[in-house]
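Protein sequence lines correspond, in order, to chains A and B.
Using this note's numbering, read the first sequence as starting at 1 and increasing by one per residue.
Using this note's numbering, read the second sequence as starting at 296 and increasing by one per residue.
Ideal placement from N, C-alpha and C gives every residue a C-beta, glycine not left out.
Just so it is clear, the structure is predicted and the values come from calculations on it, not from any experiment.
Right, one structure below, let's go through it.
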Amino acid sequence: MTLYAALGAIEQGLVYGIMVIGVYLTFRILDFPDLTVDGSLPLGASVSAVAITNGVNPYYSLVFALFAGFIAGMITAILNTKFKILHLLASILTMIALYSINIRIMGGPNIALLGSDTVFDILLATGIPGQYAGIAVFGIFALCVTAFIVWFLKTEMGMAILATGDNPKMITSLGVNTHAVIILGVGLSNGLVALSGALIAQNQGAADVGMGIGTIIAGLASVIIGETIFGHRTIARAFIAALLGSIVYRFAIALALSLEFRGFSFNPSDLNLITAVLVIVALIAPNIKKRMLAG
Amino acid sequence: MKKLFSVVLLLCCSLTVTSSLYAGGYAVSVNQFVEHPALDAVLQGMKDYLKDNSVEVEFKVHNAQANMPTANQIAQQMIGEKADLLVAIATPSAQACAQALKKAPAELKRPLVFTAVTDPVAAGLVDDLEAPGGNITGISDLLPIAKHLEMVLNYKPDIAKLGVLYNAGEANSKATVAAIRELSQTMGFTVVEATAAKTADVYQAAQSLIGRADAVFIPTDNTIVSALESVLKVGVQNKLPIFAADVDSVKRGAVAAMGFDYYKHGYQTGAMLEKILKGASPASIPVEFQKDLELHINSEFSTMMGLEPPQKLLDKAAKVYK
């Protein structure tokens, strides 16, 4: 693996890590399996791209993206809580609706940002090499988001979210409105996913309606890799583990891309298979080691 | 801490795997967006041109399996590879490579050649087709859509309603359909659109055109072409002729298409690669379009879809599948 590929994996891991934190919030904390993310990631990208091409400062465009994602998440949660649609179905409905909405927002399926201002320009102007600028920007964003979420879950509102996920009956009996809590939590989660999408679009030079496909798969894989390898004893540890899980997942892809043995080369089409095998190795390695020590 | 073991293991094996060392000749890294027959043919054509002209090139091919984050990661991977030149097949891969190059340090900035990209200007790859100016140039697969429609109307003159089947999420297709709508006014037919967002929706979208259209035209749309067989099934069962915009689809069963072999597209790309590898600057190489167009007909499927191929077109065809 080249230095470049490794740096690229860290960069991708951090920017998708913001999405993974959002997924952790719904999937683990709220116990709400939310597929909206496949739509809210490109939603954030679309909103940010349209804002930037209309002359909005790239940093402000992130606020719009966050807000749009929040609304998308709220819609899923309202469908679920107020209209009693099963959470999975509610999120699928929002997700497929967002496909059309994203095309509407962009006025087409794809907006190129290759010549436009992005959040990296400030750093690039100082002369930092591009490959480090991405890691710096995404690292700061990912850490701020993690810190915010950990802090937030310690506030009274955050405690209510934790309790709603653990034991909704108990929290209702304490006089908390679980509907409002779920709407806030799923909204916040999708806001983060949209923020991640906006940063991804600015990083890859285009917003595309197809860029969200497979987001939930990458998100869940990262969450579980993080939990298995790094543990989840405290809230802070769990969220940092989710972020690291995202980096490990991207490393697996980068490694799969550069694998080569003498006399035998993989076909480019083997990529997904190799990625899966590498993730499996990462997940079972701790177990095997434990058994070897015991034996 | 013990759980860190597996991460360390993963990191260790990643560091022991080094990128391949190229021995002699040139090295080219390829970012292909997805496996499908047309794009695979481009890659093959490119390789064959260089072989036929004895330019020694070692190819390193990556395939994103239609996943945009992966295309992006591949682009970054390619920056670190020892390549003299980067090639991107299809628009998403080209955009990913262009962005990775933009961020790369000066000593790693290398020429990028794109191919199978329909609208390089809208995709943000070049500002000017005639004088790209930067380190990016390539070959566009934009087809003169008027020639296509002319052929379709010659083949089946009584078309009043032409169905167009595409994915509204693909920028290329959207541009093509806008052009078809504009031409329909002067050519005397109306356009009936049906869209499918993913390959699983294609069959249903094709069925929605039964009875609403006299024939169906499929632009070079990745989603529809990937699921072409389901459209053909609808065509055969309902005697609804299906026309395509790429000749590879004719081989699979579309009635006819004007166009080029994507293999030739790749061959032409190969010629551009040779020029740049031997020292020409991409800044001064204009974006090229596909040179020779030819007509391909599938007379077997044409008959099955209730349409006997007209003799005068059969005489003109470069290839007839029976």
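- Rounded to the nearest whole angstrom, the CA to CA distance from Leu66 (chain A) to Lys82 (chain A) is 23 Å.
- The residues Leu43, Gly44, Val47, Ala194, in chain order, have a CB closer than 7 Å to that of Ala68 (chain A) in the same chain once the five nearest residues on each side in sequence are set aside.
- For Ile280 (chain A), the uninterrupted alpha helix (DSSP H) segment begins and ends at 271-294.
- Proximity to Ile240 (chain A) across A:Ile253, A:Ser222, A:Ala256, A:Leu293 peaks at A:Ser222, based on C-alpha coordinates.
- With 16 or more neighbouring CB atoms inside 10 Å of its own CB, Met211 (chain A) falls in the buried class.
- If you check the CB distance, Asn326 (chain B) and Ala361 (chain B) do not come in under 8 Å.
- DSSP lists no beta-bridge partner residue for Ala473 (chain B).
- Minimum Cα-Cα distance from Met74 (chain A) among the listed residues A:Leu89, A:Phe120, A:Leu243, A:Gly185 corresponds to A:Gly185.
- A distance below 7 Å between beta-carbons, with the five flanking residues on each side excluded, links Phe484 (chain B) to the following residues of its chain, in chain order: Ile454, Ala455, Lys456, Leu457.
- By alpha-carbon distance to Pro400 (chain B), the top candidate from B:Val412, B:Leu380, B:Thr386, B:Gly375 is B:Gly375.
- With a cutoff of 8 Å on beta-carbon distance, Asn517 (chain B) and Ser269 (chain A) are scored as not near each other.
- Under the three-state reduction of DSSP, Gly187 (chain A) is assigned to helix.
- Counting only the Cα atoms, Val20 (chain A) lies some 36 Å from Asp379 (chain B).
- Interface residue (Cβ-Cβ distance to chain A less than 8 Å): His357 (chain B) is classified as such.
- Secondary structure of Ser258 (chain A) (DSSP, three-state): helix.
- Here Asn287 (chain A) is exposed. Its C-beta has fewer than 16 other C-beta atoms within 10 Å.
- The continuous beta strand (DSSP E) containing Gly458 (chain B) extends over residues 456-461.
- Judged by their CB atoms, Gly554 (chain B) and Leu588 (chain B) are nearer to each other than the 8 Å cut-off.
- Distance from the CA of Thr494 (chain B) to the CA of Ala508 (chain B), rounded to the nearest whole angstrom, comes to 21 Å.
- With 16 or more other Cβ atoms from the protein chains shown falling within 10 Å of its own Cβ, Ser435 (chain B) counts as buried.
- For Arg250 (chain A), the chain B residues whose Cβ falls inside 9 Å of its Cβ are Pro364, Gln368, in order along the chain.
- Chain A has no Cβ within less than 8 Å of the Cβ of Glu603 (chain B).
- Below 8 Å, enough C-beta pairs join the segment 559-577 of chain B and the segment 331-344 of chain B to call them touching: three or more.
- If the five residues before and after Met446 (chain B) are omitted, its C-beta is found closer than 6 Å to the C-beta atoms of Met553, all from its own chain and listed in chain order.
- Taking the CA atoms as reference points, Met1 (chain A) sits about 49 Å from Leu444 (chain B).
- Listed in chain order, the non-local C-beta contacts of Asp117 (chain A) below 7 Å within the same chain comprise Ile52, Pro58, local neighbours out to five positions each way being set aside.
- For a Cβ distance threshold of 8 Å, nothing in chain A lies close to Pro332 (chain B): the least Cβ distance comes to about 13 Å.
- Boundaries around Phe138 (chain A) are those of the alpha helix (DSSP H), 130-152, since no beta strand (DSSP E) includes it.
- Runs of the alpha helix (DSSP H) spanning 4 or more residues and lying entirely within the segment 554-609 of chain B occur at 557-572, 594-599, in chain order.
- Residue pairing by DSSP places Phe512 (chain B) opposite B:Val459, B:Phe538 in a beta bridge.
- DSSP places Thr36 (chain A) in the coil class of the three-state scheme, outside both helix and strand.
- Using beta-carbon distances, Ala417 (chain B) counts as an interface residue toward chain A, with a partner under 8 Å.
- Per DSSP, the continuous beta strand (DSSP E) segment holding Asn110 (chain A) begins and ends at 110-112.
- Counted as a single uninterrupted DSSP element, the beta strand (DSSP E) harbouring Val412 (chain B) occupies residues 407-412.
- Ranked by Cα distance from Leu244 (chain A), the options A:Ile225, A:Asp38, A:Lys290, A:Ala282 are led by A:Ile225.
- Below the 7 Å Cβ cutoff, chain A contributes Tyr4 as neighbours of Ile374 (chain B), in chain order.
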